[in-house]
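Taken in order, these protein sequences are the chains called A and B.
First residue of the first sequence? That's -19 in the numbering used here, and the numbers climb one at a time after it.
First residue of the second sequence? That's 3 in the numbering used here, and the numbers climb one at a time after it.
What follows is a short report on a single structure.
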Amino acid sequence: MSEAGARTSRRGTTPGQAVRVMRAGPAAVVDVVRALAGVPGARLADLFGAIEDGGLLLRIVYALDRDGEYVVVEWPLKGREYPPLSDIDPAAFVEECEIYEQFGVRPSGPRLLNRLVVPPHAAHDFPRLGTPPPREGREPHAPHYVSGEAFEFPFGPVRGVALESLYMGLVTSGEEVIDIFLLQWHKHRAIERRLQGLPLEKALFIVERAEGLSAVANAWAFCQAAETIAGTTVPEAAQAARAVALELERLYNHAAALAALCQATGLSVGQAQAEAALEQFLRLNLACFGHRYLFGVITLGGVSRGPDLQALLHLLPPAHDELHRVTAALWSTNSFMDRLEACGVLSLEQVERLALVGPVARASGRGSDTRTDHPYGPYGVIRAADVNVAVEERGDVLARMKVMAAEAEESRRLLMRLAEAGAGEAVTEVRGQAGAALGWCESPRGESLAWLSLDDAGRIERARLRPGSFRNWRAFDDAARSRNVFTDIPIIEASFWLTVAGFAR
Amino acid sequence: MSDASLAVGSGPATDDVGSVAERLGAARALFGRSLHIRTVDTGSCAVCESEIRLLLAPHYDLQRLGFFFTPSPRHADLLLVTGPAVRAMDVALAKTYTAMPQPKVVVAVGACPLGGIYAEDEVVHGRLENVLPVDVSIPGCPPSPLALLQGLLVAVGRLTEKVGRLGFAADLT
Ligand code: SF4
């Protein structure tokens, strides 16, 4: 297994400092984006709109991973069209569709835009962030036949046992998956719209529930943005406690992904063992923080309570040992390994073109991780929280599982060290005041971003949530098309370990 | 069996599955056959799903109690619904419910379908009972697997009552 090894991270950086915000006029913006896209190690992290001063303001967020910096380009739009950014950076396409759906403003040119989260039955008054488009986006479906042979096999939205609602249109001629279309609007709860006008504490409750399996990461990114606006410094003990919660979240998610993978490959023994490990991790969460899924741990300015370190030191090793045993047993099960190899392949080129994040990106050779690239909280600040980033090259399901297994190992190591460093209960007050800021956090599924604009009363004008799931689903069809058959699809889905909730929000 | 449709709180903090299992076993003997469960997600945060899946894990092992998850609504006696009843799921939810044979029970899982997270608006119904007759509710965000087991126990009671009320096959609608 190749590992990027101990990259020295920048120390002493105050969170929220490594963000540069700039404004660009219509004449300059295309050049600015082209320049940013050309920076080595740069990736388009987000693109979103907000109504400001009566007009639409687009924000383009680039992550310069090698320089430890986020660049936010603010671009006030006039009119209903803008030069297509996806021509310069293809990673922008999904967001262009989203902006069209929410604000009715589109990139110029003939390109068809897709429906994302507003359901087809939606009336004209369906809650959106701006004015609806003149015509709704195209429903992505296969034409009835593809070269006379294939057809679209409908699967969903109600799927197997306790799976999230998701429609998959599998285009096939019998066995091989030629193409795949996903519809995710079934789970849209208009969360960004709901957050508008709320005070921060109330909003945080909803933010955690946008994607419960990344509750800690999304809440942390959100709180970090609020803390940057208020100029709050979160006490070190609370930063460490947050990291304890975040690594626990990573551990249980990776165990859950492994269980799902065993289920997808029909390996019930492995599944039962992985689920036993998962249950142990959830009980560990309960013992440490009082909630199996760590809801309510992250609060504005700190943590609601410190972890029970005794419970952590006592319960973590057996839980992780259990996971390690299953993983080791699976690695020596040839029939299992054969299913994962060369399945759902994503090349490094595809990962960079779509600006993917998290284990999916790291499994294809892109070793970015916000915990090392963009120091926040204790990461890159205190030695106990220095992360070794696991990287694999082959980009298949096996590589993704190896990355997750290595990350679980690393999380255990971090947790033991954080416990020694003294993670505890601490909070400072966060006063809501006018301002705007970006927050970020490395969720189990990759970088999670939050942008906040607050008014004078500290209420939310615009809260943008971009969980890792929102970025990574766009690569699912690429992975599914890479010469796979029907039964590979659940395997690939488990290895991505995304949520529909996080995409549809 | 209790009449309260609100079955349990977020469940006792104990890990003891045994007592619940025993009572479930007794209720099932009364019901006289295995029970099949269908799940539908109407806009959950994905955590309630995680807890439901864990019912099959070795710690809880739902199947040993005669409960099975089924991939087809036509085989299902019990519908487990998560999420705030997003309107976009109306058609899928109604189709699933109608496809289930009588007698059937609907179990609302978590705070979401009780209106505890999202209020009714243009996007969600807020409460599941606005669209389906809910027999049992299991509060909690999320309800633990043990709370789910207890909720299932109450649901089995409901189902037994409904069977008792059925006359000849011709009465089935
Ligand atoms: S009840 Fe809570 S845990 Fe369950 S889906 Fe709703 S928000 Fe998530």
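Yeah, the Cβ is synthetic: ideal placement off N, Cα and C, and Gly gets one too.
Enclosing beta strand (DSSP E) for A:Arg446 [first to last residue]: Element bounds for A:Arg446: 440 to 446.
From A:Val138, A:Arg319, A:Ala237, A:Ala225, pick the residue whose C-alpha is nearest to that of A:Tyr273; which is it? Closest by alpha carbon: A:Ala225.
For B:Glu124, return the contacting residues in chain A, with the cut-off set at a CB-CB distance below 7 Å. What B:Glu124 touches in chain A: Asp105, Phe106, Pro107.
Which same chain residues end up closer than 7 Å to A:Ala206 when comparing Cβ atoms and leaving out the 5 residues on each side of it in sequence? Sequence-distant Cβ neighbours of A:Ala206 in its own chain, meaning closer than 7 Å and more than five residues away, are Leu180, Leu280, Val410, Leu432.
Which one of A:Gly345, A:Ala406, A:Glu54, A:Ser462 has the shortest CA to CA distance from A:Arg285? If we check each option's Cα against that of A:Arg285, A:Ala406 comes out closest.
What is the rounded straight-line gap between the Cα of A:Thr152 and the Cα of B:Leu134? One C-alpha to the other measures close to 36 Å.
Could you tell me whether any Cβ in chain A is nearer than 8 Å to the Cβ of B:Glu51? At a cut-off of 8 Å between beta carbons, B:Glu51 contacts chain A.
In angstroms, rounded to a whole number, what distance separates the CA positions of A:Phe73 and A:Ser66? Distance between the alpha carbons of A:Phe73 and A:Ser66 is about 5 Å.
Are any of the Cβ atoms in chain A nearer than 8 Å to that of B:Asp79? Between B:Asp79 and chain A, the shortest Cβ-Cβ separation is not below 8 Å.
The segment 291 to 320 of chain A: which residues have C-beta closer than 9 Å to a C-beta of chain B, in chain order? Under the 9 Å Cβ criterion, the segment 291 to 320 of chain A contributes no residue.
Short check: CB of A:Val337 to CB of A:Arg230, under 8 Å? No, the pair does not count as a contact, with Cβ atoms beyond the cut-off.
How about A:Phe275: is its C-beta nearer than 8 Å to some C-beta of chain B? Yes, because at least one Cβ of chain B sits closer than 8 Å to the Cβ of A:Phe275.
Proximity test, Cβ basis, 8 Å: B:Ala94 and chain A: Yes - at least one Cβ of chain A is within 8 Å of the one on B:Ala94.
Could you pull out every residue in the same chain whose Cβ sits closer than 6 Å to the Cβ of A:Ala335, ignoring the five residues on either side in sequence? Apart from sequence neighbours up to five positions away, the residues of its chain that approach A:Ala335 with a beta-carbon distance below 6 Å are Arg23, Leu24, Ala71, ordered along the chain.
How is A:Glu156 classed by DSSP in three states: helix, strand or coil? Residue state for A:Glu156 is assigned as strand, using DSSP reduced to three classes.
Is the beta carbon of B:Ser46 within less than 7 Å of some heavy atom of the ligand SF4? Yes, Cβ of B:Ser46 sits closer than 7 Å to a heavy atom of the ligand SF4.
Burial state of A:Pro137 (16 or more Cβ within 10 Å): By the neighbour-count criterion, in which 16 or more other beta carbons inside 10 Å mark a residue as buried, A:Pro137 falls on the buried side.
Verify whether the separation of the beta carbon atoms of A:Cys486 and A:Thr350 is less than 8 Å. The structure shown does not extend to residue 486 of chain A, since chain A is modelled only from -19 through 485, so no value can be given for it.
So which residues of chain A does B:Val88 contact, with C-beta pairs closer than 8 Å? Result: His166, Lys167, His168, Arg169.
Output needed in chain order: residues of the segment 133 to 146 of chain A with a Cβ under 8 Å from some Cβ in chain B. Hits within the stretch, in order: Pro137, Val138, Gly140, Val141, Ala142, Leu143, Glu144, Ser145.
Would you identify the three-state DSSP class for B:Asp92, choosing helix, strand or coil? For B:Asp92, the secondary structure class from DSSP, reduced to helix, strand or coil, is helix.
Label B:Gln65 either buried or exposed according to how many other C-beta atoms from any shown protein chain fall within 10 Å of its C-beta, with 16 as the threshold for buried. By the neighbour-count definition (other C-beta atoms within 10 Å, threshold 16), B:Gln65 is an exposed residue.
Identify, in the order they occur along the chain, each residue of the same chain with its Cβ nearer than 6 Å to the Cβ of A:Tyr147, setting aside the five sequence neighbours on each side. Listed in chain order, the non-local C-beta contacts of A:Tyr147 below 6 Å within the same chain comprise Gly136, Pro137, Leu163, local neighbours out to five positions each way being set aside.
Chain-ordered neighbours of A:Gly177 on chain B, where CB pairs are closer than 7 Å: Here the premise fails: no neighbours, minimum Cβ distance about 14 Å.
Outcome for A:Gly250 when other beta-carbon atoms lying within 10 angstroms are tallied against a minimum of 16: Buried is the call here.
In the DSSP assignment, find the unbroken beta strand (DSSP E) run with A:Ala30 in it and report its ends. Per DSSP, the unbroken beta strand (DSSP E) holding A:Ala30 starts and ends at 22 to 32.
Buried or exposed for A:Arg63, please, with buried defined as at least 16 other CB atoms from any protein chain shown within 10 angstroms of its CB. Before going on, a small fix: residue 63 of chain A reads as Pro here, not Arg. Burial call: exposed.
Is A:Leu328 close to chain B, meaning its C-beta is less than 8 Å from at least one C-beta of that chain? Judged by the 8 Å Cβ criterion, A:Leu328 is not in contact with chain B.
Of all the options A:Phe161, A:Val283, A:Gly29, A:His166, which has the alpha carbon lying nearest to the alpha carbon of A:Pro100? Put simply, of A:Phe161, A:Val283, A:Gly29, A:His166 the residue whose alpha carbon is nearest the alpha carbon of A:Pro100 is A:His166.
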